[in-house]
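Colleague: The sequence shown begins at 1 in this note's numbering and counts up one residue at a time.
The C-beta atom is built at its ideal place from N, Cα and C for all residues, glycine as well.
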Amino acid sequence: MLVTRHILVVDDEPDVEALISQKFRREIRSGQYAFSFTKNGAEALQKIIEAEKNASTIAKIDMVLTDINMPVMDGLTLLKEMDQLANSPKTVVVSAYSDMDNIRTAMNHGAFDFLTKPINFQDLTVTIERTLKAVAEEDTNATQLQQAQQRLMQSEKLSLLGQMLAGVAHEMNNPVNFIAANLEPTREYIEDLMRLLDLYQQHTATPVDEIVRCTQEIDLDFLRSDLPRMLDSIERGTELISELSQSLKNFSRVDVAEKQFVDIHQGIQSALVILHSRLKANDTRPNIELENVFGAIPPLLCHPNQLNQVIMNLIANAIDAFEEDNQGKRYEEIEANPNKIRIETSVVEEKWVRIAIADNGPGISSETIERLFEPFYTTKPADKGTGLGLAISYQIVTENHGGQLTCESSPGQGTQFTIDLPVQ
Numbered sequence: 001m002l003v004t005r006h007i008l009v010v011d012d013e014p015d016v017e018a019l020i021s022q023k024f025r026r027e028i029r030s031g032q033y034a035f036s037f038t039k040n041g042a043e044a045l046q047k048i049i050e051a052e053k054n055a056s057t058i059a060k061i062d063m064v065l066t067d068i069n070m071p072v073m074d075g076l077t078l079l080k081e082m083d084q085l086a087n088s089p090k091t092v093v094v095s096a097y098s099d100m101d102n103i104r105t106a107m108n109h110g111a112f113d114f115l116t117k118p119i120n121f122q123d124l125t126v127t128i129e130r131t132l133k134a135v136a137e138e139d140t141n142a143t144q145l146q147q148a149q150q151r152l153m154q155s156e157k158l159s160l161l162g163q164m165l166a167g168v169a170h171e172m173n174n175p176v177n178f179i180a181a182n183l184e185p186t187r188e189y190i191e192d193l194m195r196l197l198d199l200y201q202q203h204t205a206t207p208v209d210e211i212v213r214c215t216q217e218i219d220l221d222f223l224r225s226d227l228p229r230m231l232d233s234i235e236r237g238t239e240l241i242s243e244l245s246q247s248l249k250n251f252s253r254v255d256v257a258e259k260q261f262v263d264i265h266q267g268i269q270s271a272l273v274i275l276h277s278r279l280k281a282n283d284t285r286p287n288i289e290l291e292n293v294f295g296a297i298p299p300l301l302c303h304p305n306q307l308n309q310v311i312m313n314l315i316a317n318a319i320d321a322f323e324e325d326n327q328g329k330r331y332e333e334i335e336a337n338p339n340k341i342r343i344e345t346s347v348v349e350e351k352w353v354r355i356a357i358a359d360n361g362p363g364i365s366s367e368t369i370e371r372l373f374e375p376f377y378t379t380k381p382a383d384k385g386t387g388l389g390l391a392i393s394y395q396i397v398t399e400n401h402g403g404q405l406t407c408e409s410s411p412g413q414g415t416q417f418t419i420d421l422p423v424q
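Below, the structure written as structure tokens:
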């Protein structure tokens, strides 16, 4: 991908703009270079500040080529002013060979390189290429540093989230176990009371009016039939909470330095339990239909927490795509062609464990697929995504596990993400 480099030329000589434009016309036409021109340091400084303040709309100035001796503001003053900026572009100063004192002063004030007048255009070409190569290297290093910082932040957030989830799961166990431990005795006590009530009714042919009224008020027959159902519901509720607690513990498992052998199906089920509320029906759509096709795969040597994060992210992305695509559609229209997610696991060529997560959503364009795993690239609104989820998932699968993460999709045909991890 060609990156246009923007060069600001600062010189009060009238012929400079024409000479440079002619010398570099091929580079300008091809989009390799873009030149802008000012007559003095004050105008140049204003352009540099505007580009820095409006980075989203004005192209970054990659390099400044400035004469030293100019009216209004000379090149040395411009260098001093630029030194106060947060992101000062690299600067090459130009002056007569006899002006070496000023050239040395400029180099001491942060100039990247210098040229002498009259300008030799071969020297100018080499100097521009060398300067822009340094700019490109700094851009690459800055991007890598930013990505590393984001990954570190994400890792720390995940670690804190994992600790929090593990703590919540642990705290949930105590009250759930308390309820579960008391359910069976409660059922026995109620049965004993009902047996005693039966005996009273058998041996009291004509109960007093107060007992008759109380029996009617509490609807004794309904109470006797509904109590067992209530206990069954409470028991099922405690089982669901226990399952959720176990899923939270599985999902938030804190990784150790070495990988562990785990049942990947357990991680998938844990992610589905946590995402259950997003999968079930709501006011705008019916249930998202889920199909699990789990093959016979061996325990996988991996970092469980990291892999769970990837699986959770891919499923959540499918749900996000459905929600965006469903906007403006009628409930009946969605019900006629329901949203579906299929998760399939298998062993491929006895070398790879494959996890395929597919949906029948709106699909993704080929242009988007090419950039899908780039850090900070997102098609979601600013408040919906950071553009880091898939980039981090890609790094976890490829760098941390020696695997592959790919995407197959086209508009209107759904999307499938495939994780291939080496069998150990």
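In whole angstroms, what is the alpha-carbon distance linking ALA18 and GLY414?
Modeller: For this step, residue 18 is matched to residue 18 along the sequence shown. For this step, residue 414 is matched to residue 414 along the sequence shown. Between ALA18 and GLY414, the C-alpha separation is close to 54 Å.
Colleague: Hey, ASP359 and LYS340 are a contact pair by Cβ (cut 8 Å); roughly how many whole angstroms apart?
Modeller: Position 359 of the sequence shown, counted from the first residue, corresponds to residue 359. Position 340 of the sequence shown, counted from the first residue, corresponds to residue 340. About 7 Å separates the two Cβ atoms, so the contact holds.
Colleague: Whole angstroms are fine: how far does the CA of ILE274 sit from the CA of THR418?
Modeller: Along the sequence shown, read from residue 1 onward, the residue named residue 418 stands at position 418. Along the sequence shown, read from residue 1 onward, the residue named residue 274 stands at position 274. Approximately 21 Å between the Cα atoms of the pair.
Colleague: Under the assumption that ARG130 contacts MET63 (Cβ atoms under 8 Å), give the Cβ distance between them as a whole number of angstroms.
Modeller: In the sequence shown, residue 130 corresponds to position 130, counting from 1. In the sequence shown, residue 63 corresponds to position 63, counting from 1. With a Cβ gap of about 10 Å, ARG130 and MET63 do not count as contacting.
Colleague: First and last residue of the beta strand (DSSP E) that includes TYR33?
Modeller: Within the sequence shown, numbered from 1, the residue matching residue 33 stands at position 33. First-last of the beta strand (DSSP E) with TYR33: 33–38.
Colleague: Do GLU367 and ALA356 have their beta-carbon atoms positioned less than 7 Å apart in this structure?
Modeller: Residue 356 sits at position 356 when you count from the first residue of the sequence shown. Residue 367 sits at position 367 when you count from the first residue of the sequence shown. Taking 7 Å as the Cβ cut-off, ALA356 and GLU367 do not qualify as a contacting pair.
Colleague: Identify, in the order they occur along the chain, each residue of the same chain with its Cβ nearer than 8 Å to the Cβ of GLN425, setting aside the five sequence neighbours on each side.
Modeller: Any property of residue 425 remains undetermined from this structure, which presents the chain solely from 1 to 424.
Colleague: Exposed or buried, ALA336, counting other C-beta atoms within 10 Å across all chains shown (16 or more means buried)?
Modeller: The residue given as residue 336 occupies position 336 in the sequence shown. The residue is exposed, with fewer than 16 neighbouring Cβ atoms inside 10 Å.
Colleague: Can you look up PHE261 in the DSSP assignment and give me helix, strand or coil?
Modeller: Position 261 of the sequence shown holds residue 261. PHE261: strand per DSSP, three-state reduction.
Colleague: Closest to ILE268 by CA distance: which of ARG26, ILE297, GLU210, ASN308 is it?
Modeller: Position 268 of the sequence shown, counting from 1, holds the residue named residue 268. Of the listed residues, the one whose Cα sits closest to ILE268 is ASN308.
Colleague: Residue range of the beta strand (DSSP E) that MET63 falls in?
Modeller: Start at 1 with the first residue of the sequence shown, and residue 63 comes out as number 63. Start and end: 63–67.
Colleague: Whole alpha helix (DSSP H) runs in the region 297–326 with 4 or more residues, listed along the chain?
Modeller: 304–326
Colleague: Find out if the Cβ-Cβ distance for the pair ASP67, ASP11 is shorter than 7 Å.
Modeller: As a position in the sequence shown, residue 67 is number 67, starting the count at 1. As a position in the sequence shown, residue 11 is number 11, starting the count at 1. A contact, by the Cβ cut-off of 7 Å.
Colleague: Using a 10 Å radius around the Cβ and a threshold of 16 neighbouring Cβ atoms, would you call PHE121 buried or exposed?
Modeller: For the purposes of this step, residue 121 is identified with residue 121 of the sequence shown, where counting begins at 1. Under this definition PHE121 is an exposed residue.
Colleague: Looking at ALA281 and MET312, is the spacing between their C-beta atoms short of 7 Å?
Modeller: Taking the first residue of the sequence shown as position 1, residue 312 is located at position 312. Taking the first residue of the sequence shown as position 1, residue 281 is located at position 281. Contact: no.
Colleague: Go through its chain and collect everything with a Cβ distance to GLU405's Cβ below 6 Å, but skip five positions before and after it.
Modeller: Translated into positions along the sequence shown, residue 405 becomes position 405. For the record, residue 405 in the displayed sequence is Leu; it is not Glu. The residues are TYR394, VAL397, ILE419.
Colleague: When the Cα of PHE37 is compared with those of SER30, LEU45, SER233, which residue comes out closest?
Modeller: Taking the first residue of the sequence shown as position 1, residue 37 is located at position 37. Checked all of SER30, LEU45, SER233; the closest Cα to PHE37 is LEU45.
Colleague: What span of residues does the beta strand (DSSP E) with HIS401 cover, start to end?
Modeller: Here residue 401 corresponds to residue number 401 of the sequence shown, with the count starting at 1. Counting along the chain, HIS401 falls outside any beta strand (DSSP E), and DSSP gives it neither H nor E.
Colleague: When the Cα of ASP325 is compared with those of ARG354, THR91, GLY363, which residue comes out closest?
Modeller: Mapped onto the sequence shown, residue 325 falls at position 325. Comparing Cα-Cα distances from ASP325 to each of ARG354, THR91, GLY363, the minimum goes to GLY363.
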